[in-house]
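In full-length UniProt numbering, the protein residues as written are 1 to 131.
Backbone N, C-alpha and C define an ideal beta-carbon position, used for all residues, glycine too.
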């Protein structure tokens, strides 16, 4: 399975849309692009594989593998990139400004259901990040 993240960059945040097979899954919010600097920048454009991950903070969520010079880049709920993200990607139902969105938990559950179903069927899930 291939999921496409198409981004629009703003000084205060990065907004995007996640699509699979031409269908919109949800929108996304991220930190602005700041040269891939840890905890203050979104990640570089490119191809990444997604895997399941569990933590006490986020419970079951999604992690991107092999992000250059970064660790623990996750998909998890957040509605304000500047206040709640450190390089991760937050799914949202609706965008409300650069790096801002609404109904993140609902969007995250939608994305997680799609990805977990593919992973449970032993499919690889690739994320292609582009602008």
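Proximity winner among the options, relative to residue i (alpha-carbon distances)
i, options, result
"residue 14", "36, 67, 53", "36"
"residue 8", "79, 86, 47, 95", "95"
"residue 87", "32, 106, 121", "32"
"residue 93", "85, 107, 83, 84", "107"
"residue 67", "38, 3, 84", "38"
Buried or exposed by the 16-neighbour rule on C-beta atoms within 10 Å, applied to residue i
i, result
"residue 62", "buried"
"residue 28", "buried"
"residue 30", "buried"
"residue 48", "buried"
CA-to-CA distance, residue j to residue i, given in whole angstroms
i, j, result
"residue 24", "residue 17", "7 Å"
"residue 113", "residue 65", "19 Å"
"residue 91", "residue 109", "9 Å"
"residue 81", "residue 111", "18 Å"
"residue 44", "residue 69", "10 Å"
"residue 22", "residue 52", "23 Å"
"residue 103", "residue 26", "10 Å"
"residue 54", "residue 120", "15 Å"
"residue 56", "residue 129", "28 Å"
"residue 132", "residue 116", "The chain is shown only over 1 to 131; residue 132 falls outside these bounds and no answer can be derived."
"residue 127", "residue 50", "7 Å"
6 Å Cβ shell around residue i - same chain, five flanking residues per side excluded
i, result
"residue 34", "40, 41"
"residue 132", "For residue 132 there is no data in the structure shown, the boundaries of the chain being 1 and 131."
"residue 58", "76"
"residue 79", "101, 104"
"residue 60", "54"
"residue 174", "Here the chain comprises residues numbered 1 to 131, so residue 174 is not present and cannot be evaluated."
"residue 85", "31, 78"
"residue 89", "28, 30, 75"
Other residues of its chain near residue i: CB distance less than 8 Å, five sequence neighbours each side excluded
i, result
"residue 131", "6, 7, 8, 9, 45"
(Q) Check whether the segment 2–13 and the segment 81–101 are in contact - that is, three or more C-beta pairs closer than 8 Å. (A) yes
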